[in-house]
Amino acid sequence: MSEYDYLIVGGGEAANAAAHGIRELDSSGSIGIISADTDAPYDRTALTKALWLDPEVNEQTISENTASDTGATILLDTPVRAIHRATHEVTISGGESVGYQKLLLATGSAPTQLAGASDERIIAMRSLANYRKVRELVTDDPTAVVVGGGFIGTEIAAALAANGVAVTLIFPQQVLGSTVFPGKLADRFHQLYLDHGVTLVPGRLAKGALVGADQRPGVLLDDGSEYFAGVVVAGLSAKPVLDLASEAGLEVNRGVVVDAHLKTSDPDIWAAGDIAEYPDVILGRTRIEHVDHAQNSGATAGRSMAGSDETYDHTPYFWSDAFELGWEAIGRLDARLDTEVVELGEGRDVVYYLDEQSRPVGVLLLGVWDSIDKARKVLADAPTDRAELRSRIV
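The C-terminal residue of the sequence shown carries number 394 in the UniProt record's numbering, and the numbering is unbroken.
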């Protein structure tokens, strides 16, 4: 049985950051990474952005080079089946056991699949292997149906359209982006896709995947209509992978419950990234699925495993791009909340999302750059005076 001083389950950004965090304090302890992915850690944001839009970016440039940089041993395409806390072992596919002194769970999230999606041309966009397959399919047949109006769906739809693919985007809202953007900004976002030639199908839910008479993949909608293309991409919500933690008896709520050091209810097990439900210093107890959180929580967890007493005090931000429009944000973005919109001109806007007490709980920076620290401070200060709020980021 192989055994590691530090064992990391998961092969994404949090795992890579944790290995580097460990090495900041422990130059010689053995590190093992067990990943269900077929590729070593890489920049996942590139799957719907840079790999499609930047000719200088390729599979080599997005590699995190985890093994060479940290000396970690990486097992790929190897799901972990169980954690045995009493013996400090995990069981991997094939039945073998791997021992650990300290364990980090960084299993991330699993994409939601379309019902009946057995055809390899119906793809939930989550991995580098998914990207390769989509790229191959649209090269042969430059048409795509994208299902989902969230970040993943809108990003991949924009990226495909920018590469000359005829894209149909299906989403449940009447206006694209209306769950995040208030009023006029949602209208602007919706029109942006129309201006770039994307066919929008609003107000519809996907009931399942299908294959047409001509053998092209497609999707069946709730009104009975069918859409077919060279590839169907599901950009739907993802769910945190909590089975291992739950079955091992760790405390699990919306995610794996951790303290400020990212330590679970077991003193030798940590959790980071998408699955960690942690006490954010500004937002309160929360769970976040964004790369900035994965990187920073992973690094903190790694250092904590290696003996640091630091706490995770970083409130993460996130970003997205669609054609010429880009934005950064922090906190809760929910168009159902009261909002205060500050128009800075030239398509630049700041949106404050306010709770019932008129306190800002989220900030959207649309075309406004280098201001995320200011936005973070707004959330920390929580001013309720709207005049003051409007003057905070200009």
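Where is the CB? At the ideal position from N, CA and C, for every residue including glycine.
Small disclaimer: the values here were computed from a predicted structure and weren't measured.
What is the C-beta distance between Ala299 and Ala106, in whole angstroms, given that I count them as a contact (C-beta under 8 Å)? The residue labelled residue 299 in the question sits at position 299 within the sequence shown. The residue labelled residue 106 in the question sits at position 106 within the sequence shown. Taking a contact as a CB-CB distance under 8 Å, the pair Ala299 and Ala106 does not count as one, their CB atoms being some 11 Å apart.
Enumerate in chain order the residues of its own chain whose CB-to-CB distance from Glu277 is below 6 Å, with the five nearest sequence positions on each side excluded. Indexing the sequence shown from 1 puts residue 277 at position 277. Cβ neighbours of Glu277 within its own chain (closer than 6 Å, five residues either side excluded): Asn253, Arg254, Gly255, Val257 and Arg287.
Cutting at 7 Å between CB atoms, please list the residues of its own chain near Asp37, excluding the five before and the five after it. Counting from 1 along the sequence shown, the entry for residue 37 is found at position 37. Only Gly11, Leu76 and Ser127 meet the Cβ criterion.
Does the distance from the C-beta atom of Glu64 to that of Asp39 stay below 8 Å? The residue given as residue 64 occupies position 64 in the sequence shown. The residue given as residue 39 occupies position 39 in the sequence shown. Not a contact, by the Cβ cut-off of 8 Å.
Which partner residues of Leu103 appear in the DSSP bridge assignment? Along the sequence shown, read from residue 1 onward, the residue named residue 103 stands at position 103. In the DSSP output, where bridge partners are listed per residue, Leu103 has Leu7 and Ile269.
Ignore the nearest five residues each way along the sequence and tell me which others in Gly197's own chain have a CB closer than 7 Å to its CB. As a first step, residue 197 is located in the sequence shown; it is residue number 197 there, counting from the start. Here the set comprises Ala161.
Runs of 3 residues minimum, wholly inside the region 33-92: which ones carry the beta strand (DSSP E) assignment? Complete beta strand (DSSP E) runs here, min 3: 73-75, 80-84 and 89-92.
Cβ pair count under 8 Å reaching 3, the region 202-219 against the region 102-122: Touching, per the Cβ criterion.
What are the boundary residues of the beta strand (DSSP E) that includes Leu325? As a working note, residue 325 is residue 325 in the sequence shown. Note, Leu325: beta strand (DSSP E), Leu325 to Gly331.
May I have the straight-line CA-CA distance separating residue 400 from Tyr6, to the nearest angstrom? In the structure displayed, the chain extends from 1 to 394; residue 400 sits before or after that span and is not available.
Give me the Cα-Cα distance between Ile122 and Lys133, rounded to the nearest whole angstrom. Stepping through the sequence shown from its first residue, residue 122 is reached at position 122. Stepping through the sequence shown from its first residue, residue 133 is reached at position 133. So the two alpha carbons sit approximately 10 Å from each other.
What's the C-alpha gap between Tyr227 and Pro172? Counted from its first residue, the sequence shown places residue 227 at position 227. Counted from its first residue, the sequence shown places residue 172 at position 172. Cα to Cα, the separation comes out at about 15 Å.
Option nearest Val308 by Cα separation, candidates Ala294, Lys263 and Leu325: Here the question's residue 308 lines up with position 308 in the sequence shown. The residue asked about is misnamed: residue 308 is Ser in this sequence, not Val. Of the residues Ala294, Lys263 and Leu325, the one whose Cα lies closest to the Cα of Ser308 is Lys263.
Bridge partners of Tyr131, per DSSP? Position 131 of the sequence shown, counted from the start, is the residue given in the question as residue 131. Its beta-bridge partners do not exist; DSSP assigns none.
If you compare alpha carbons, which of Ser28, His84 and Val57 is closest to Asp69? Taking the first residue of the sequence shown as position 1, residue 69 is located at position 69. Minimum Cα distance to Asp69 is reached at Ser28.
Could you have a look at Ser109 and say whether DSSP puts it in helix, strand or coil? Translated into the one-based positions of the sequence shown, residue 109 becomes position 109. Annotated three-state conformation of Ser109 is strand, per DSSP.
By DSSP, does Leu221 sit in helix, in strand, or in coil? Looking up residue 221 in the sequence shown gives position 221. In the three-state reduction of the DSSP assignment, Leu221 falls in the strand class, which pools E and B.
Between Glu96, Leu333, Val232 and Glu24, which lies nearest to Gly148 when the distance is taken from Cα to Cα? Against the sequence shown, residue 148 aligns to sequence position 148. Measuring C-alpha to C-alpha distances from Gly148 to each of Glu96, Leu333, Val232 and Glu24 identifies Val232 as the nearest.
State the Cα-Cα distance for the pair Arg85 and Met305, rounded to the nearest angstrom. Residue numbering aside, residue 85 sits at position 85 when the sequence shown is read from its first letter. Residue numbering aside, residue 305 sits at position 305 when the sequence shown is read from its first letter. Approximately 16 Å, taken between the alpha carbons.
Report the option in Leu244, Ala272 and Ala157 whose CA atom is closest to the CA atom of Val80. Against the sequence shown, residue 80 aligns to sequence position 80. Scanning Leu244, Ala272 and Ala157 for the CA closest to the CA of Val80 turns up Leu244.
Would you kindly work out how many angstroms separate the C-alpha atoms of Glu24 and Ser297, rounded to a whole number? Counting from 1 along the sequence shown, the entry for residue 24 is found at position 24. Counting from 1 along the sequence shown, the entry for residue 297 is found at position 297. Their backbone Cα atoms lie some 15 Å apart in a straight line.
Have a look at Ser371, Ala301 and Thr384 and flag the residue whose alpha-carbon is nearest the alpha-carbon of Leu104. Translated into the one-based positions of the sequence shown, residue 104 becomes position 104. Taking only the C-alpha atoms, the option nearest Leu104 is Ala301.
Spatial neighbours of Thr112 in its chain, beta-carbon cut-off 8 Å, leaving aside the 5 residues before and after: Position 112 of the sequence shown, counting from 1, holds the residue named residue 112. Within the same chain, Thr112 has close Cβ partners Ala124, Ala234, Leu236, Ser237, Ala238 and Lys239.
CB of Val378 within 8 Å of CB of Val363, strictly: Numbered from 1 along the sequence shown, position 378 holds the residue referred to as residue 378. Numbered from 1 along the sequence shown, position 363 holds the residue referred to as residue 363. In contact: Val378 and Val363 (Cβ atoms closer than 8 Å).
Contact defined as beta carbons within less than 8 Å: I believe Tyr352 pairs with Glu343. What is the distance between those atoms, to the nearest angstrom? Working through the sequence shown from its first residue, we reach residue 352 at position 352. Working through the sequence shown from its first residue, we reach residue 343 at position 343. Not a contact, Cβ separation roughly 13 Å.
Endpoints, the alpha helix (DSSP H) within which Ala209 is located: For this step, residue 209 is matched to residue 209 along the sequence shown. No alpha helix (DSSP H) contains Ala209, which is instead part of the beta strand (DSSP E) from Ala206 to Val211.
Length at least 4, wholly inside the region 123-201: the alpha helix (DSSP H) runs in chain order: Counting only runs of 4 or more, we get 128-140, 151-162 and 183-195.
Here's the rule I'm using: 16 or more other beta-carbon atoms within 10 Å means buried, otherwise exposed. How should Ser391 be labelled? The count along the sequence shown starts at 1 and reaches residue 391 at position 391. Sixteen is the threshold: since fewer than 16 other Cβ atoms of the shown chains lie within 10 Å of the Cβ of Ser391, the residue is exposed.
With distances taken from CA atoms, which of Asp280, Gly331 and Leu176 is nearest Tyr312? Translated into positions along the sequence shown, residue 312 becomes position 312. With distances taken between CA atoms, Tyr312 lies nearest to Asp280 out of Asp280, Gly331 and Leu176.
Looking at the structure shown, is Ser358 part of a helix, part of a strand, or coil, going by DSSP? Position 358 of the sequence shown, counting from 1, holds the residue named residue 358. Ser358 falls in the coil class under three-state DSSP.
Which residue comes first and which comes last in the alpha helix (DSSP H) that contains Asp292? Reading the sequence shown from its first residue, position 292 is the one you call residue 292. Going by DSSP, Asp292 is part of the alpha helix (DSSP H) stretching over Val291 to Met305.
Considering only the beta carbon of each residue, do Val175 and Asp187 sit closer than 8 Å? Taking the sequence shown and counting its residues from 1, one reaches residue 175 at position 175. Taking the sequence shown and counting its residues from 1, one reaches residue 187 at position 187. Against a cut-off of 8 Å, the Cβ pair of Asp187 and Val175 comes out as a contact.
Throw me the rounded Cβ distance for the Asp274 and Ser109 pair, which I believe falls under 8 Å. Here residue 274 refers to the residue found at position 274 of the sequence shown. Here residue 109 refers to the residue found at position 109 of the sequence shown. Between Ser109 and Asp274 the Cβ distance is about 4 Å, and since that is below 8 Å, they are a contact.
Leaving aside the five residues before and after Gln101 along the sequence, list all residues of the same chain whose C-beta is less than 6 Å from its C-beta, in chain order. Taking the sequence shown and counting its residues from 1, the one referred to as residue 101 is at position 101. Exclusion of the five residues before and after Gln101 leaves Asp5 as the residues of its chain whose Cβ lies within less than 6 Å of its Cβ.
To the nearest angstrom, report how far apart Gly150 and Phe181 are at their CA atoms. Along the sequence shown, read from residue 1 onward, the residue named residue 150 stands at position 150. Along the sequence shown, read from residue 1 onward, the residue named residue 181 stands at position 181. One alpha carbon belongs to Gly150, the other to Phe181, and they sit about 11 Å apart.
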